[in-house]
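Undergrad: Protein sequence lines correspond, in order, to chains A and B.
Note that my numbering numbers the first sequence so that position 207 is 207, with each residue one more than the last.
Position in the second sequence counted from 1, then plus 1000, gives you my numbering.
Have a look at the structure that comes next, please.
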Amino acid sequence: MGVPISQTNRRLEQGLSPWSIALTRLKRNRMALIALGVLIFLVLIAIFAPFITPYSRDEITMENKFQPPGNGHLLGTDDLGRDVFTRLIYGSRASLSVGLVATSISMILGVTLGAIAGYYGGMADNIIMRIVDIFMCFPFFLMAIVMAAILGPSIYTVMAVSGFLSWPILARIVRAEILSIKEREFIEAARALGLKSADIIVSHILPNTLAVIIVYVTLGIAGGILGEAGLSYLGLGVKQPQPSWGNMLAAAQSFRSLIKHPWLWVPPGILIFITVLSINIFGDGLRDALDPKLKR
Amino acid sequence: MRTFLIRRALLMIPVVLGISIIIFALIHLAPGDPFTHMIEADPNVTTEDYENLLRSVGYYDPLPLKYVKWVGQLLRGNIGHSISYREPVADLIGRRLSNTLLLAIPALCLSTIIAVPLGVISATRQYSIFDYIVTIIAFIGISIPAFFFALLLVKYIAFDLKLFPISGLSTIKSGFTGIRLVFDKLHHMALPITVLTFVQVAGRMRYTRSAMLEVVRQDYIRTARAKGLSERTVIYKHALRNALIPIVTILSVSLGRLLSGAVLTENVFNWPGMGTMVYKAIANRDYPVVMAGTMVLALTMLLANILADILYAFVDPRIRY
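What follows is the structure, given as structure tokens:
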């Protein structure tokens, strides 16, 4: 009774902000939180790699090659006597950064082109959507192989190739979102106030598509990591001596190592799997949390 | 319907042109020429022979002329001659495509047979233990790199347990005939099909689950229940039939994707399919094969997308174009 009405209202409003609703929902999703914990742990390992292992990344000791796990080497040694565990935690740097950079590239391309197509429509829309159609027809991995073969194997090639090939899906999603948002009254109001198109897109439309973009970007990082793994496995990705999970998996290309030295390729494979699994679970949790159609 | 089909066909033209231009441009950006590898191996070839050889395949023509020549040949049905295999690309692709289909079609059927019931049960018992377990398995299937799964199978099932052959299409020089030949082939197909099926079950099951959940919320389902129909009839007759619409339509897209998406799996099992063909052709700089192979796969994908659109209109009478 004693509480002034305006104050109650404010509290209600604060409670109902879409982001805080999403946060409460996410906090209730135990699987997503565990996945997030795993991801934070992996990022910390990547950052503090030198402090975790006593060996240096590229230290070659030929008399020690193909040592099975144990004997001072937690996961054994590879064909050059390098410590597999050390390379594994350094490898997380390459794999995670490929995921992040590739997704950033595809996000910038996808959001920009999708926004232009959705907002302006007409000719621009037609051209951009035909380009999207073309990209959607390309066999993703084969095109990646062709492009990587042309650009030459390197970590930057992997980033560029997977970023460049994966934007069309996001462009489609952003376009569809914008098509429905731009018909709403608040956009009409913004236009009536005389705002420039670019301002309307950046400060009134895109914030409303943020939820969709965040979910896509989260899941896209998993795609980037898988792309790195595949390309590096074929020898078209991250180059030795820099380790990445993908090029460590390439040890399995040799039949002898595939059969006799599973400690070389099973651990990086499992780490890729755990990382991608965590990202997918967390991304799914985010989608549920951010979806306004789902009721609490 | 007819105008829709015509419009869709016309929209294909710029896309096909775009695909061909991009593939053509990409291949011609690639360094080196197709003969470098062969020449290195043979010291008897003089520089002059080499130049003549390059001239004979039109290596020095200006790019637009090359493009026009290439498209002209394509339109006449001549998709090129493989340099490293020394045979028409069409024959090569025909063989490889059937090998790929040998894996893709059983994987598509199996994964659908497994995934759809799982998705339906999972949706009707949302948040039950069954739903929980199936969801976890689906997440595993989506997250595991297919080729890593394949490597694990090769090492632990095929080599350690000796249950299946390690790689290839069939036992070489076995002299098997008739039914034994068929069994030998099936034996070789088992592991690659397992990989492709597992990877696909995950995605399709999630898709079925969400399609079912979407349908179950509709008013006509409430009507069906209100009429007093049994839960069984409501789910399998009213809900599933509507949920199947999007599932059926994405099947064609999945097939298109399976044809080109199995590069790494084919690579692990040394399966002579489309993926390994293009991959090896890139390594050998056998550009006619790369160009024709990517072109064929891209066109299949385009047709699959269009087929999905048409199927959608065909299966769902509510859609009018």
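Backbone N, C-alpha and C fix where the C-beta goes; we use that ideal spot for every residue, glycine too.
Are the beta-carbon atoms belonging to A1304(B) and A149(A) less than 8 Å from one another?
TA: Locating residue 1304(B) in the second sequence gives position 304, counting from the first residue. Locating residue 149(A) in the first sequence gives position 149, counting from the first residue. For A1304(B) and A149(A), no; Cβs fall outside 8 Å.
Undergrad: So, helix, strand or coil for Q7(A), using DSSP?
TA: Counted from its first residue, the first sequence places residue 7(A) at position 7. Low per-residue confidence applies at Q7(A): pLDDT is 49, beneath 50, and the placement is therefore not dependable, though the value from the model is reported in the following sentence. If DSSP states are grouped into helix, strand and coil, Q7(A) belongs with the helices.
Undergrad: What residues in its chain sit with their C-beta under 8 Å from that of A1190(B), if we drop five residues either side in the sequence?
TA: By one-based count along the second sequence, residue 1190(B) stands at place 190. Result list for A1190(B): F1164, in chain order.
Undergrad: Can you tell me the Cα-Cα spacing of M1291(B) and Y1279(B), whole angstroms?
TA: Taking the first residue of the second sequence as position 1, residue 1291(B) is located at position 291. Taking the first residue of the second sequence as position 1, residue 1279(B) is located at position 279. C-alpha separation (whole angstroms): 12 Å.
Undergrad: Please state the DSSP three-state secondary structure of H261(A).
TA: Against the first sequence, residue 261(A) aligns to sequence position 261. Residue state, collapsed to three classes: coil.
Undergrad: With which residues is G70(A) paired in a DSSP beta bridge?
TA: Residue mapping note: residue 70(A) aligns to position 70 of the first sequence, counting from 1. According to DSSP, G70(A) bridges with H73(A).
Undergrad: Quick check: what's the CA-CA separation for A144(A) versus D1219(B)?
TA: Numbered from its first residue, the first sequence carries residue 144(A) at position 144. Numbered from its first residue, the second sequence carries residue 1219(B) at position 219. So the two alpha carbons sit approximately 46 Å from each other.
Undergrad: Using a Cβ-Cβ cutoff of less than 7 Å, which residues in the same chain neighbour V1296(B) once the five nearest sequence positions on both sides are dropped?
TA: Working through the second sequence from its first residue, we reach residue 1296(B) at position 296. Same-chain partners within the cutoff: I1093.
Undergrad: Can the beta-carbon of R175(A) be found less than 8 Å from the beta-carbon of G1018(B)?
TA: Walking along the first sequence from the start, residue 175(A) turns up at place 175. Walking along the second sequence from the start, residue 1018(B) turns up at place 18. Their beta carbons are not under 8 Å apart, which means R175(A) does not touch G1018(B) by this criterion.
Undergrad: Taking contact to mean 3 or more Cβ pairs, one atom from each stretch, closer than 8 Å, check whether the segment 1140-1154 of chain B and the segment 1193-1211 of chain B are in contact.
TA: Yes, the segment 1140-1154 of chain B touches the segment 1193-1211 of chain B.
Undergrad: Does the ligand SAM have a heavy atom nearer than 7 Å to the CB of M159(A)?
TA: Within the structure as shown, the ligand SAM is missing, as the structure has no ligands at all.
Undergrad: Comparing the C-beta of A1148(B) with each C-beta of chain A, is any distance below 8 Å?
TA: Sequence index remark: in the second sequence, residue 1148(B) carries index 148 (1-based). Per the sequence presented here, residue 1148(B) reads as Phe, with Ala not at that position. Yes - at least one Cβ of chain A is within 8 Å of the one on F1148(B).
Undergrad: Whole beta strand (DSSP E) runs in the segment 1178-1241 of chain B with 3 or more residues, listed along the chain?
TA: Those beta strand (DSSP E) runs which fall completely within the segment 1178-1241 of chain B and span 3+ residues do not exist here.
Undergrad: Of all the CB atoms in chain B, is at least one closer than 8 Å to the CB of D133(A)?
TA: The count along the first sequence starts at 1 and reaches residue 133(A) at position 133. Yes, its Cβ sits closer than 8 Å to a Cβ of chain B.
Undergrad: Could you tell me whether any Cβ in chain B is nearer than 8 Å to the Cβ of A171(A)?
TA: The residue given as residue 171(A) occupies position 171 in the first sequence. It does not; no Cβ of chain B falls within 8 Å.
Undergrad: Identify the contact partners of M147(A) in chain B, using a Cβ-Cβ distance below 8 Å as the criterion.
TA: For the purposes of this step, residue 147(A) is identified with residue 147 of the first sequence, where counting begins at 1. Simply L1026.
Undergrad: Note the first and the last residue of the continuous alpha helix (DSSP H) segment covering G1077(B).
TA: On the second sequence, position 77 is the one that residue 1077(B) refers to. Premise fails: G1077(B) is in no alpha helix (DSSP H) and is neither H nor E.
Undergrad: Would you tell me roughly how many angstroms separate the C-alpha atoms of M1277(B) and T1177(B), rounded to the nearest one?
TA: On the second sequence, residue 1277(B) is found 277 positions in, with the first residue counted as 1. On the second sequence, residue 1177(B) is found 177 positions in, with the first residue counted as 1. Distance between the alpha carbons of M1277(B) and T1177(B): 27 Å.
Undergrad: Using DSSP bridges, identify the partner residues of P1088(B).
TA: Against the second sequence, residue 1088(B) aligns to sequence position 88. Answer is H1081(B), bridged to P1088(B).
Undergrad: Determine the direct distance from the alpha carbon of P1088(B) to that of D1061(B), and round the result to whole angstroms.
TA: The sequence position of residue 1061(B) within the second sequence is 61, counting from 1. The sequence position of residue 1088(B) within the second sequence is 88, counting from 1. Approximately 22 Å between the Cα atoms of the pair.
Undergrad: If we count Cβ pairs, one from each stretch, closer than 8 Å, do we get three or more for the segment 133-144 of chain A versus the segment 1006-1021 of chain B?
TA: The segment 133-144 of chain A vs the segment 1006-1021 of chain B: in contact.
Undergrad: Are L80(A) and I60(A) touching if we call contact CB-CB under 8 Å?
TA: As a first step, residue 80(A) must be located in the first sequence, where it is residue number 80. As a first step, residue 60(A) must be located in the first sequence, where it is residue number 60. Yes, these two residues count as a Cβ contact at 8 Å.
Undergrad: Taking L1029(B) as the query, report the chain A residues whose CB atoms sit under 8 Å from its CB, ordered along the chain.
TA: As a first step, residue 1029(B) is located in the second sequence; it is residue number 29 there, counting from the start. The contacting residues are I150.
Undergrad: Going by DSSP in three states, D1160(B) sits in which element: helix, strand or coil?
TA: The residue you call residue 1160(B) lines up with position 160 of the second sequence. Residue state, collapsed to three classes: helix.
Undergrad: Would you mind giving the Cβ-Cβ distance between V158(A) and L234(A), rounded to the nearest angstrom? I have them listed as a contact below 8 Å.
TA: Counted from its first residue, the first sequence places residue 158(A) at position 158. Counted from its first residue, the first sequence places residue 234(A) at position 234. About 11 Å; that fails the 8 Å criterion.
Undergrad: Return no unless some Cβ of chain A is closer than 8 Å to the Cβ of N1099(B).
TA: Here residue 1099(B) corresponds to residue number 99 of the second sequence, with the count starting at 1. Not closer than 8 Å to any Cβ of chain A, the Cβ of N1099(B) fails to qualify, so no.
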